[in-house]
Amino acid sequence: MAPMNARGRWQHEQRRGRRSLAPWSMLVPMSMISISFLHAMVSASAASPPSDSHDLIVFATPSPGNRVCTVDVDTKVVNCLTAPPPETGSEDRFPAWSPDGSRIALERHSTAGSFIGCAIYTIKFDGTELTNVSGPTYQCFSRPEWAPDGSKLSFYTSAVVSGTMMRGIDIATPDGSSHAVLASTANCTGTCPFSSHPGIYRVHVDGSNLTLLYEITGFIRNIKWSPQGDRLLFVRDTVDPQVTELWVVNTDGTNATLLQTSPFSGQGFNAAAWAPSGTKIAFDVPPSPDKAGDVFAINPDGSGLANLSQDPAYALTPTWSPDGSRIGFLSGRAIPSSGIFVMDADGLNQAGLQVMGGNPQWSPASGSPPDTSITDSPLNPSNSSSASFAFTSTAAGSTFECQVDDSGF
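Take 3 as the starting number for the sequence shown in my numbering and just add one per residue.
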């Protein structure tokens, strides 16, 4: 037997859980191209978010100045990261945290002035180093999403070419040094597999290995991998009948489950999101003639539906805290003020953060792995299944997983 290699991996007591490793790939619903990076586990040695980003919610605010800001969940202190866009009719929107919490991607949308279109930017969490990632173009780049290790961004593209709307997915580095087309409907009529088989596809980040995962008609959007990487959550809009549906399907295309149906096509389920544990899904239900709309939770098998917000005013766009204990959302209630609220995962203890905004997203888990050392272990190689090790750590309350051979975690 080879000498033992004892390795520990840190997990904070309240953020336990394992995610299966998988090759980098993305999801492409080809009824209208959309995309999602596969969530993969980043080891404890990876870059950690600054402690200042802990328990922040980033959001797009209409006042002052249509820009992106953060709010501290506990202190309610607001820090606006971007200045009001210089062009009339411009706004910054759809902010997205990098996996390590150090940067935020956003879409800058302009309808007038020197630039008409949409561009993707990144900015540090402290408001410095605003960087144009997509470059100057009259295409529209929108809805940025990060790769699991933060090294790349994907985003929608759309442009009118010879009177026809072309849609696609581009991929770029956060500093804008590299930008490439990943998938596109341009010059694709009758030659691409998705021209005759609409549905959800997977493609590698280099553009290779386009694979149909699940064939389904309709407008497919908001695809999200489960934290474990074994299931997909997505929203489907149909024209006849005009409904919006919330679905879950295994990544091999089996066990497709319709969770909820809304009679309002193109509305609701806009921020359907997995809990970090993968055991719950939070989503918003659109307003109806007798109801303003609420945030609900449901199990991935369709059971356990629960109204969490339960308020006469609307509640939309839920976002989970990194430990899954709380949910942030947008509410229209007037007391104490409309805007971003937080509540426990069961709907209790709802409180307003006293800021107006949309597209809220909770910051990733923060904190660097503690300094760790092995203080006691077998002196010689051993086949014993009861071999024991002792660790010391600079962070009380931490737990560890230890692998004692040369295989991966």
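We put the beta carbon where it would ideally sit given N, CA and C, even for glycine. All values reported here derive from a predicted model rather than from experimental measurement.
Here residue 156 is buried. Its C-beta has 16 or more other C-beta atoms within 10 Å. Following the DSSP letters along the chain, one finds residue 107 inside the beta strand (DSSP E) bounded by residues 105 to 112. If you check the CB distance, residue 77 and residue 58 do not come in under 7 Å. DSSP, reduced to helix, strand and coil, places residue 133 within a strand of the structure shown.
Counting the other Cβ atoms within 10 Å of the Cβ of residue 327 gives fewer than 16, which makes it exposed. For the pair residue 357 and residue 70, the Cα-to-Cα distance works out to about 12 Å. The Cβ atoms of residue 336 and residue 344 do not sit closer than 7 Å to each other.
Straight through space, the alpha carbons of residue 278 and residue 99 are spaced by roughly 15 Å. The Cβ-Cβ distance between residue 261 and residue 300 falls below 7 Å. The secondary-structure analysis by DSSP pairs residue 331 across a beta bridge with 343. Excluding five sequence positions before and after residue 111, the CB atoms of its chain that fall closer than 7 Å to its own CB belong to 92, 93, 95, 120, given in chain order. Inclusion of residue 274 and residue 224 in the CB contact set at 7 Å is warranted, their separation being smaller than that value.
Here DSSP, grouped into helix, strand and coil, assigns residue 248 to strand. For residue 98, the enclosing beta strand (DSSP E) has its first and last residue at 92 to 99. Residue 160 is bridged by DSSP to 142, 169. Residue 293 is classed as exposed because its beta carbon has fewer than 16 other beta carbons within 10 Å across all chains shown.
Distance from residue 127 to residue 342 at the Cβ level is roughly 17 Å; contact not present, criterion being Cβ atoms closer than 8 Å. DSSP places residue 351 in the coil class of the three-state scheme, outside both helix and strand. Collapsing the DSSP output to three states places residue 218 in coil. Here residue 67 has 86 as same chain residues with Cβ atoms under 6 Å from its own Cβ, once five neighbours each way along the sequence are excluded. For residue 158 against residue 171, the beta-carbon gap comes to about 7 Å, under 8 Å, which counts as contact. With fewer than 16 other beta carbons inside 10 angstroms of its own, residue 348 counts as exposed.
Non-local C-beta neighbours of residue 213 in its own chain, meaning closer than 8 Å and more than five positions away in sequence, comprise 203, 204, 205, ordered along the chain. Within 10 angstroms of the beta-carbon of residue 219 lie fewer than 16 other beta-carbons, which makes it exposed. Contact annotation, residue 235 with residue 276: C-beta distance approximately 6 Å; criterion of less than 8 Å satisfied. At a Cβ-Cβ threshold of 7 Å, residue 323 and residue 103 do not count as neighbours. Cβ-Cβ distances below 6 Å link residue 334 to 315, 316, 340 in the same chain, with the five nearest sequence neighbours on each side left out; the list follows chain order.
Burial state of residue 310 is buried, judged by a 10 Å Cβ sphere holding 16 or more other Cβ atoms.
For residue 125, the beta-bridge partners assigned by DSSP are 106.
In the DSSP assignment, residue 181 forms a beta bridge with 174. The Cβ atoms of residue 152 and residue 83 lie no closer than 7 Å to each other. Contact annotation, residue 207 with residue 154: C-beta distance approximately 7 Å; criterion of less than 8 Å satisfied.
Short of 6 Å from the beta carbon of residue 242, and not among the five residues preceding or following it, lies no beta carbon of its own chain. For residue 59, the pairing in a beta bridge is given by DSSP as 73, 364. Contact between residue 97 and residue 361 holds, since their C-beta atoms are separated by about 6 Å, short of 8 Å.
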